[in-house]
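Colleague:
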Amino acid sequence: MKQERAKGPDQHVVNRRMTAVFAGAAMMTVGVLIFIVVYILNRGLHIVTPSFLSEAPRQMGRAGGIYPAIVGSILVTGIAVLIAAPVGVATAIYLTEYTREDRLPRIVRFGTESLAGIPSIIFGLFGFLFFVIYLDLGWSVLSGALTLSAMILPTIVRTSEEAIRAVPNAYREISYALGSTRWQTVTGVVLPTALPGIVTGVVLAVGRSIGETAVVIFTAGTSLRLPKSLLDPVRTLPVHFYILAREGISLDNAYGTAAVLIILVLVINITAYSVVNRFAARSR
Amino acid sequence: MEGSPKILARDFRFYYGQHCALKGIDLEIRRNQLLTIMGPSGSGKTTFLRSLNRLNDLIPGTRMEGSLEIDGVDIYSHGVDVAELRRRVGMVFALPVALPMSIFDNVAYGPRKRGILNKQKLQDIVEKALRDAILWDEVKDRLCDHAGRLSGGQQQRLSIARVLAVEPEIILLDEPTSGLDPLSTLKIEDLLWELVRSYTVVLVTHNPLQSARVGGDIAFFLMGELVETGPSSEIFTRPKDKRTEDYVSGKFG
Chain D
1 MKQERAKGPD QHVVNRRMTA VFAGAAMMTV GVLIFIVVYI LNRGLHIVTP
51 SFLSEAPRQM GRAGGIYPAI VGSILVTGIA VLIAAPVGVA TAIYLTEYTR
101 EDRLPRIVRF GTESLAGIPS IIFGLFGFLF FVIYLDLGWS VLSGALTLSA
151 MILPTIVRTS EEAIRAVPNA YREISYALGS TRWQTVTGVV LPTALPGIVT
201 GVVLAVGRSI GETAVVIFTA GTSLRLPKSL LDPVRTLPVH FYILAREGIS
251 LDNAYGTAAV LIILVLVINI TAYSVVNRFA ARSR
Chain L
1001 MEGSPKILAR DFRFYYGQHC ALKGIDLEIR RNQLLTIMGP SGSGKTTFLR
1051 SLNRLNDLIP GTRMEGSLEI DGVDIYSHGV DVAELRRRVG MVFALPVALP
1101 MSIFDNVAYG PRKRGILNKQ KLQDIVEKAL RDAILWDEVK DRLCDHAGRL
1151 SGGQQQRLSI ARVLAVEPEI ILLDEPTSGL DPLSTLKIED LLWELVRSYT
1201 VVLVTHNPLQ SARVGGDIAF FLMGELVETG PSSEIFTRPK DKRTEDYVSG
1251 KFG
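Those protein sequence lines, which keep their order, are chains D and L.
Residue numbers for the first sequence follow this note's numbering, beginning at 1 and rising by one.
Residue numbers for the second sequence follow this note's numbering, beginning at 1001 and rising by one.
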């Protein structure tokens, strides 16, 4: 029996072509990513030696290592996330589980979307005027971390909110119907179920703050010395990279710094996801 | 206390915003009674069920009038511990849903929230609840498996075990078989008669055939009103109200 087909192109051909288009787009995305990573590692990895990681820079970074910048990056980013993550997740929990009306979440959503469109250098300027000058914290680890936390807070709120909203309502009803309080329901089923999504948001925030340059130059300074307290200025890896490359001090060491930065981000991501997976595996 | 009703609704009304979903329900449910609330979709039967454990409180814009008593205490009066009320009035939902955790943790969820953390004690509670829900033999060797791997019928019996584990007094079942095949449905229906020996059981169904199979007493709801109540034998053979007769004979619904 011959099948009658509607006029127009053969749908099987269209189907195959579109499959190729989507696969092509996916491959292009992965390809660009791999190209960048391989290119930078190729140019920078041979610079990365144990002494490069553990020594202080000499001659403005022309020689020596990048140890203070590694410490600076971890300190500034770590403190920023330690401030922003609890506040952000708590805000998201409040918006989803504790408010009944829709207005407050809508305002917050509008706010986060607006904030996401603001260039980071504006945050840098704000941090400089408010934390560095007005609160007189100076160029310091603390000023940088506080400004970065203000920058990533909306992202964390937003992604956590999405993750929490995605938790099926049936789970909440089951928990409440068994006589659990709101707090028990939030900690018992809502957060464990939303955790992978929340961690994804926090990891994205870590990535954004560890790679941030403009904000940090304005608020944490560019000091090459190892900070002795949170009120000392520091230089982070991207700032070091920027200065080495921009001032033409040493392109080799700039790429070495970039390679370290990329590896650092990868290590953080892999660690975060493996922790989540282990947690999820326990409940699966 | 033996003669007094377990549940007593007096002119109970319930509103979703402006919409009146229950228009004055007067209903008495005795201790260890199996009552089937039968009625078409939108008749208010689920609303009534969810009022008994105040789960409707979670929906914004709802309010109630009249009174609803359990053991002579108005559950909507001031100072009622809603969490404790829900513990006493267990609920099985229409769709079988397992919490995203192991079979054991699903059943132990309620007891743990009540502060029971002793491992041996939890194991005893979980085993008893699963036995009472007639699921133990099927899952005893894989309690640590993710509960999502169970079949729909097994997940619904797991839901019942989860409720039994918190030692309720009343068990509400909201169309518990609507997502199940006939065999799983039969297992749940048989289980109801086991449960009613120790608990007061309220079943909601839109299906007259299920009401007839289950037996017990029937309350027929229609458009937010309680049309009539009585033993299933009478409802099906000598209904007092024309609307009941039409419903059970399949003229509508």
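Don't be surprised by glycine CBs; every beta carbon is placed ideally from N, CA and C.
1. Note down, in chain order, every chain L residue with its Cβ under 7 Å from the Cβ of residue 189 of chain D.
2. Quick one: residues in its chain with C-beta nearer than 8 Å to the C-beta of residue 1143 of chain L, no 5 flanking neighbours on either side, listed in chain order?
3. Say whether chain B places a C-beta atom closer than 8 Å to the C-beta of residue 177 of chain D.
4. I'd like to know whether the C-beta of residue 160 of chain D is nearer than 8 Å to at least one C-beta of chain L.
5. Just how far apart, CA to CA, sit residue 240 of chain D and residue 216 of chain D?
6. Quick one, are the C-beta atoms of residue 1014 of chain L and residue 1046 of chain L less than 8 Å apart?
7. Given the structure, does residue 1075 of chain L come close to the ligand HEM, in the sense that its CB is under 7 Å from one of the ligand's heavy atoms?
8. Against chain L, does residue 96 of chain D count as a neighbour if the rule is that its beta carbon must be under 8 Å from one of theirs?
9. Are the CB atoms of residue 96 of chain D and residue 164 of chain D within a distance shorter than 8 Å?
10. Since residue 1054 of chain L and residue 1085 of chain L should fall inside the 8 Å C-beta cutoff, what is the C-beta to C-beta distance between them, to a whole number of angstroms?
11. Please determine, among D:161, D:178 and D:267, the residue with the shortest C-alpha to C-alpha distance to residue 104 of chain D.
12. Could you tell me which of L:1041, L:1193 and L:1129 sits nearest to residue 1167 of chain L, measuring between CA atoms?
13. Since residue 146 of chain D and residue 131 of chain D are thought to touch, with beta carbons under 8 Å apart, how far apart are those beta carbons, to the nearest angstrom?
14. Who are the neighbours of residue 1084 of chain L on chain D, taking C-beta pairs under 7 Å?
15. Kindly list the residues whose CB is nearer than 7 Å to the CB of residue 80 of chain D, restricted to its own chain and excluding five residues on each side of it in sequence; keep chain order.
16. Only counting the same chain, and skipping five residues up and downstream in sequence, which positions put a Cβ closer than 7 Å to that of residue 143 of chain D?
17. Below 8 Å between beta carbons: does that hold for residue 1211 of chain L and residue 1232 of chain L?
18. Would you mind giving the Cβ-Cβ distance between residue 258 of chain D and residue 64 of chain D, rounded to the nearest angstrom? I have them listed as a contact below 8 Å.
19. Could you tell me the distance, in whole angstroms, from the CA atom of residue 223 of chain D to the CA atom of residue 74 of chain D?
20. Using the beta-carbon of each residue, which ones in chain L are nearer than 8 Å to residue 170 of chain D?
21. What does residue 1113 of chain L touch in chain D if you count any residue whose Cβ is under 9 Å from its own?
22. Return the Cβ separation of residue 203 of chain D and residue 272 of chain D in integer angstroms, given the expectation that the two are a contact with Cβ distance under 8 Å.
23. On the three-state DSSP scale, how would you describe residue 1013 of chain L?
24. At the 8 Å Cβ level, is residue 193 of chain D part of the contact set with chain L, yes or no?
Modeller: In short:
1. Within 7 Å Cβ-Cβ: 1099.
2. Once the five neighbours on either side are set aside, the close Cβ partners of residue 1143 of chain L are 1102, 1103, 1104 and 1126.
3. Among the protein chains of the structure shown, namely D and L, there is no chain B.
4. no
5. 11 Å
6. no
7. Questions concerning the ligand HEM fall outside what the structure shown contains, since it holds no ligand whatsoever.
8. no
9. yes
10. The pair is a contact, with the Cβ atoms about 6 Å apart (cut-off 8 Å).
11. D:161
12. L:1129
13. 5 Å
14. Neighbours of residue 1084 of chain L on chain D, chain order: 179.
15. 145, 148, 149, 152 and 209
16. 127, 131, 132, 137, 219 and 220
17. yes
18. 17 Å between Cβ atoms; not a contact.
19. Just so you know, the alpha carbons of residue 223 of chain D and residue 74 of chain D end up roughly 15 Å apart.
20. 1093, 1095 and 1097
21. Ordered by position in chain D, the residues that pass the 9 Å Cβ test against residue 1113 of chain L are 175, 178, 179, 180, 181, 184, 185 and 188.
22. 5 Å
23. strand
24. It does; some Cβ of chain L falls within 8 Å.
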